[in-house]
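K.L.:
Heads up: the sequence shown begins at 1031 in this note's numbering, then just goes up one per residue. The beta carbon of each residue, even a glycine, is placed where N, CA and C say it ideally should be. Take this structure, written in C-alpha cells, and hold onto it; I'll ask about it next.
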Amino acid sequence: MAIEPSERSDIAPFRVMEVFEAAERRAATGAEVVRLEVGQPLTAAPKGVIASAHQILDNDRLGYASTHGVVELREAISAHYADWYGLDIDPYRIIATVGASGGFTLAFLAAFDAGDRVALAIPGYPCYRNALDALGAQVVPLMTTLEDNFQPSIELLEQAHAEGALDGLVITSPSNPTGTMLDEATLAEILDWCDERGVKVVSDEIYHGLTYGAEAASALAYSDDVLVVNSFSKYFSMTGWRLGWLVVPENFVEPIVRFAANLLLGPQTLSQMAAVAAFECHEELRRHRVRYSHNRQILLDGLRAAGLDRLAPAEGAFYVYADISHVSDSSTTLCSQWLSELGIAATPGTDFDPYNGEKYVRFSFCGGTDSIERGVELLAAWHTSSSRGV
Ligand SMILES: Cc1ncc(COP(=O)(O)O)c(C=O)c1O
1031 MAIEPSERSD
1041 IAPFRVMEVF
1051 EAAERRAATG
1061 AEVVRLEVGQ
1071 PLTAAPKGVI
1081 ASAHQILDND
1091 RLGYASTHGV
1101 VELREAISAH
1111 YADWYGLDID
1121 PYRIIATVGA
1131 SGGFTLAFLA
1141 AFDAGDRVAL
1151 AIPGYPCYRN
1161 ALDALGAQVV
1171 PLMTTLEDNF
1181 QPSIELLEQA
1191 HAEGALDGLV
1201 ITSPSNPTGT
1211 MLDEATLAEI
1221 LDWCDERGVK
1231 VVSDEIYHGL
1241 TYGAEAASAL
1251 AYSDDVLVVN
1261 SFSKYFSMTG
1271 WRLGWLVVPE
1281 NFVEPIVRFA
1291 ANLLLGPQTL
1301 SQMAAVAAFE
1311 CHEELRRHRV
1321 RYSHNRQILL
1331 DGLRAAGLDR
1341 LAPAEGAFYV
1351 YADISHVSDS
1361 STTLCSQWLS
1371 ELGIAATPGT
1381 DFDPYNGEKY
1391 VRFSFCGGTD
1401 SIERGVELLA
1411 AWHTSSSRGV
C-alpha cells in the first residue's frame, strides 16, 4: 500500500528561497542579475574564525560535542552579554543551537503545547509561523502597519488576548522583513504585560549588532523569564556555519537540552569551537556594518527617487520593506517582471505577510555597494519609462 506523509508534512514552503533559486537560474544563463533578494552577508566568516577552524581541523578529533554546547563557546557568549549589554548571564543558561532556526524550534518545543495561542507580528519571518503550525500551536497574527512601525503594541496584544488568552508571543527587533525596531520603553512595556499574564516571550535577536541609529536592547535586560534566540549568521557573517544560541530561564535548560539530544545532537563541533574567535573580530565585523549603512542610504534614496516612497524606516537588519501598491496589484508579478525585464531580484512580501504581502516588496542591502548602485539605477530607468512610470 502506498504510504502518505503525515498531515504535519503539509508545512508551507519558505518562499524566499524560491526567489533565490529563480535569480540563480537567470545568473546561470549569463544574464545580469542584481541581487537585492538575499538575506545573507556577501562576506565570509571573520578571518580569526577561519584561522581558528584550520587549527582545530588539523589538531582536534572533532567528536560529538556536549548537547548543551561547547563550554568555551557558552562562556564566550556569556562574556559577549557583559560586553555589549552589561548583563551577567550564567553560561549554564546558554545553549548552542543549529542557527537561530534550530534555536527557535527548540524554544517553541519547550515553551508551547499543541493548541497554545502564540502571537506574532505580520509581516514577519515566515518560518516562525510555519514551525509553530507544524508543532500544532495556534498562530495569532498581530496585524501591524507602517504607521505602527510594523511592531507589536500593547493595543494589538490586548485585542488578541481578548479574543482568547494568549500563551506566547514572538518578537523580532530589528525585524525581517521590515528592519524596524521596538524602542526600549515599548519592549519593557510588552515584557511587563506578558509577565503579568503568564505569556511566554520568545525574542529573536538575530539582527543585533546591525543597527543604524540606536543599538538594540535585549529582552534579557528586562526579564530573565524570556527565551532569547540569537545566531552567528548575520552580524558575525557566518550563515553556512549553522550556529546560533539560546538564552533561557534556568528551568528550561534541561528540557531544551533533552529535546536537542533526542532530535539533533547539537550544532557542528567545528563551528562551535571556531566561533569562540568571532568575539575577537569586532573590528572586521564593524567594517561590514559601515558598508551596510552606506548601502542602506543609497537604497533608501534610490527607491524614493524611483517613486517608492512608502518605506519602513530600516532601523536595523539589512532590509527595506517598500509599499508598492500604487505601482502594482501584485508584488509577486512585479518581482517576476523586474527579474525578467530589468534583471533585479527582490522578494515579494507574500512570504512575510500572507494577508497584505502582495502590496510590499523586500529589498536587501547586504550585497556589494556596486550592486545596490546598479539596482537603483535600473529602478530609476524603470520609473521614468513612460509605460510604467509612477
Ligand atoms: C528573523 C530571522 N530569524 C532567524 C533566521 C534564521 O537564521 P539562522 O541562519 O541563524 O538559522 C533568519 C534568517 O534570515 C531571520 O531573518
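So the candidates are Gly1379, Gly1398, Gly1405 and Leu1330; which of them puts its Cα closest to the Cα of Val1049?
P.N.:
On the sequence shown, position 19 is the one that residue 1049 refers to. Of Gly1379, Gly1398, Gly1405 and Leu1330, the residue nearest in Cα terms is Gly1379.
K.L.:
May I ask you to check if the CB of Asn1206 is nearer than 7 angstroms to at least one heavy atom of ligand 2?
P.N.:
Although ligand 2 was asked about, the structure shown includes only ligand 1 as ligands.
K.L.:
With a threshold of 8 angstroms on Cβ separation, who are the neighbours of Gly1274 within its own chain once the five nearest residues in sequence on each side are excluded?
P.N.:
Here residue 1274 refers to the residue found at position 244 of the sequence shown. The answer, listed in chain order, is Ala1126, Thr1127, Val1128, Gly1129, Ala1130, Ser1131, Gly1132, Gly1133, Ile1236, Val1259, Asn1260, Ser1261, Phe1262, Ser1263 and Pro1297.
K.L.:
Taking only three categories from DSSP, how would you classify Leu1273?
P.N.:
The residue labelled residue 1273 in the question sits at position 243 within the sequence shown. The answer is coil: DSSP assigns Leu1273 none of H, G, I, E or B.
K.L.:
Check Gln1327 in the structure and name its three-state DSSP category.
P.N.:
Position 297 of the sequence shown holds residue 1327. Looking at Gln1327 - three-state DSSP - the assignment turns out to be helix.
K.L.:
Closer than 6 angstroms by C-beta to Ile1041: which residues in its own chain qualify, once you throw out the five before and the five after it? Chain order, please.
P.N.:
For the purposes of this step, residue 1041 is taken as the residue at position 11 of the sequence shown. Cβ within range, chain order: Asn1160 and Ala1164.
K.L.:
With distance defined between alpha-carbon atoms, name the residue in Ile1086, Glu1034, Gly1398 and His1098 nearest to His1025.
P.N.:
As shown, the chain starts at 1031 and ends at 1420. That puts residue 1025 outside it, with no answer to give.
K.L.:
Output the distance between the C-alpha atoms of Val1064 and Ala1112, rounded to the nearest integer angstrom.
P.N.:
Here residue 1064 refers to the residue found at position 34 of the sequence shown. Here residue 1112 refers to the residue found at position 82 of the sequence shown. In a straight line, the C-alpha of Val1064 is about 40 angstroms away from that of Ala1112.
K.L.:
To the nearest angstrom, how far is it from the Cα of Arg1319 to the Cα of Glu1403?
P.N.:
For the purposes of this step, residue 1319 is identified with residue 289 of the sequence shown, where counting begins at 1. For the purposes of this step, residue 1403 is identified with residue 373 of the sequence shown, where counting begins at 1. Taking the straight line joining both Cα atoms gives about 17 angstroms.
K.L.:
Any residues whose CB sits closer than 6 angstroms to a heavy atom of ligand 1? List them in chain order?
P.N.:
Gly1069, Gly1129, Ala1130, Ser1131, Tyr1155, Thr1202, Asn1206, Asp1234, Ile1236, Ser1261, Ser1263, Thr1269 and Gly1274
K.L.:
Label Lys1389 either buried or exposed according to how many other C-beta atoms from any shown protein chain fall within 10 Å of its C-beta, with 16 as the threshold for buried.
P.N.:
Residue mapping note: residue 1389 aligns to position 359 of the sequence shown, counting from 1. With 16 or more Cβ atoms within 10 Å of its Cβ, Lys1389 is classed as buried.
K.L.:
Roughly how many angstroms lie between the CA atoms of Ala1195 and Val1148, to the nearest whole one?
P.N.:
The residue given as residue 1195 occupies position 165 in the sequence shown. The residue given as residue 1148 occupies position 118 in the sequence shown. Rounded to the nearest angstrom, the two C-alpha atoms are 10 angstroms apart.
K.L.:
Checking 8 angstroms against the spacing of the C-beta atoms, do Ala1106 and Thr1210 come in under that value?
P.N.:
The sequence position of residue 1106 within the sequence shown is 76, counting from 1. The sequence position of residue 1210 within the sequence shown is 180, counting from 1. It is not a contact, given that the beta carbons lie outside the stated cut-off.
K.L.:
Check for me: the beta strand (DSSP E) holding Gln1168 runs from which residue to which?
P.N.:
Walking along the sequence shown from the start, residue 1168 turns up at place 138. Unbroken beta strand (DSSP E) run through Gln1168: Gln1168 to Met1173.
K.L.:
Verify whether the separation of the beta carbon atoms of Ala1215 and Tyr1252 is less than 8 angstroms.
P.N.:
In the sequence shown, counting from the first residue as 1, residue 1215 sits at position 185. In the sequence shown, counting from the first residue as 1, residue 1252 sits at position 222. No, they are not a contact pair.
K.L.:
CA-CA distance, Ala1307 and Ser1301?
P.N.:
Position 277 of the sequence shown, counted from the first residue, corresponds to residue 1307. Position 271 of the sequence shown, counted from the first residue, corresponds to residue 1301. Their Cα atoms are separated by approximately 10 angstroms.
K.L.:
What separation, rounded to the nearest whole angstrom, lies between the Cα atoms of Phe1309 and Arg1317?
P.N.:
For this step, residue 1309 is matched to residue 279 along the sequence shown. For this step, residue 1317 is matched to residue 287 along the sequence shown. Looking at the two C-alpha atoms, the distance is approximately 15 angstroms.
K.L.:
Drop a sphere of 10 angstroms on the beta-carbon of Gln1181, count the other beta-carbons inside from all chains shown, and report buried for 16 or more, exposed for fewer.
P.N.:
Taking the first residue of the sequence shown as position 1, residue 1181 is located at position 151. Classification for Gln1181: buried.
K.L.:
With a 10 Å radius around its C-beta and 16 neighbouring C-beta atoms as the bar for buried, classify Val1101 as buried or exposed.
P.N.:
Working through the sequence shown from its first residue, we reach residue 1101 at position 71. When all chains shown are included, Val1101 counts as exposed.
K.L.:
Output needed for Tyr1322: all residues of its chain with C-beta closer than 7 angstroms, excluding positions within five of it in sequence on either side, in chain order.
P.N.:
Looking up residue 1322 in the sequence shown gives position 292. Result list for Tyr1322: Leu1240, Phe1348, Phe1395 and Cys1396, in chain order.
K.L.:
Nearest to Val1079 by CA position, among Met1268, Ser1205 and Val1391, is which residue?
P.N.:
Position 49 of the sequence shown, counted from the start, is the residue given in the question as residue 1079. If we check each option's Cα against that of Val1079, Met1268 comes out closest.
K.L.:
Helix, strand or coil: how does DSSP classify Ile1041 here?
P.N.:
Reading the sequence shown from its first residue, position 11 is the one you call residue 1041. Looking at Ile1041 - three-state DSSP - the assignment turns out to be coil, as it is neither helix nor strand.
K.L.:
Would you list the residues sitting across from Ala1151 in a DSSP beta bridge?
P.N.:
Locating residue 1151 in the sequence shown gives position 121, counting from the first residue. Leu1172, per the DSSP bridge assignment.
K.L.:
Using 8 angstroms as the Cβ pair cut-off and three pairs as the minimum, do the region 1358 to 1375 and the region 1065 to 1079 touch?
P.N.:
yes
K.L.:
Using the beta-carbon count (16 or more within 10 Å), is Ala1074 buried or exposed?
P.N.:
Start at 1 with the first residue of the sequence shown, and residue 1074 comes out as number 44. Ala1074 should be labelled exposed.
K.L.:
Helix, strand or coil for Phe1393 per DSSP?
P.N.:
The count along the sequence shown starts at 1 and reaches residue 1393 at position 363. The answer is strand: DSSP assigns Phe1393 an E or B state.
K.L.:
Using 8 angstroms as the threshold, is the region 1136 to 1146 in touch with the region 1113 to 1120, meaning 3 or more CB pairs across them?
P.N.:
no
K.L.:
How many Å lie between Val1055 and Ala1061 at the Cα?
P.N.:
Locating residue 1055 in the sequence shown gives position 25, where the first residue counts as 1. Locating residue 1061 in the sequence shown gives position 31, where the first residue counts as 1. Residue identity check: residue 1055 is Arg in the sequence provided, not Val. So the alpha carbons of these two residues sit roughly 9 angstroms apart.
K.L.:
Would you check if there are 3 or more beta carbon pairs closer than 8 angstroms linking the region 1347 to 1365 to the region 1182 to 1190?
P.N.:
Taking 8 angstroms as the limit for Cβ pairs, the verdict is that the region 1182 to 1190 does not touch the region 1347 to 1365.
K.L.:
In the DSSP assignment, find the beta strand (DSSP E) that holds Asn1260 and state where it starts and stops.
P.N.:
Walking along the sequence shown from the start, residue 1260 turns up at place 230. Counting along the chain, the beta strand (DSSP E) containing Asn1260 begins and ends at Leu1257 to Ser1261.
K.L.:
Report yes if the CB atom of Glu1345 is closer than 8 angstroms to the CB atom of Gly1243, and no otherwise.
P.N.:
The residue you call residue 1345 lines up with position 315 of the sequence shown. The residue you call residue 1243 lines up with position 213 of the sequence shown. Yes, they are a contact pair.
K.L.:
Give the straight-line distance between the Cα atoms of Val1231 and Val1200, rounded to the nearest whole angstrom.
P.N.:
In the sequence shown, counting from the first residue as 1, residue 1231 sits at position 201. In the sequence shown, counting from the first residue as 1, residue 1200 sits at position 170. Put simply, the backbone Cα of Val1231 is about 6 angstroms away from that of Val1200.
K.L.:
Could you compute how far the alpha carbon of Thr1174 sits from the alpha carbon of Thr1208?
P.N.:
Taking the first residue of the sequence shown as position 1, residue 1174 is located at position 144. Taking the first residue of the sequence shown as position 1, residue 1208 is located at position 178. Rounded to the nearest angstrom, the two C-alpha atoms are 11 angstroms apart.
K.L.:
Does the Cβ-Cβ distance between Ala1352 and Leu1409 come in under 8 angstroms?
P.N.:
In the sequence shown, residue 1352 corresponds to position 322, counting from 1. In the sequence shown, residue 1409 corresponds to position 379, counting from 1. Not a contact, by the Cβ cut-off of 8 angstroms.
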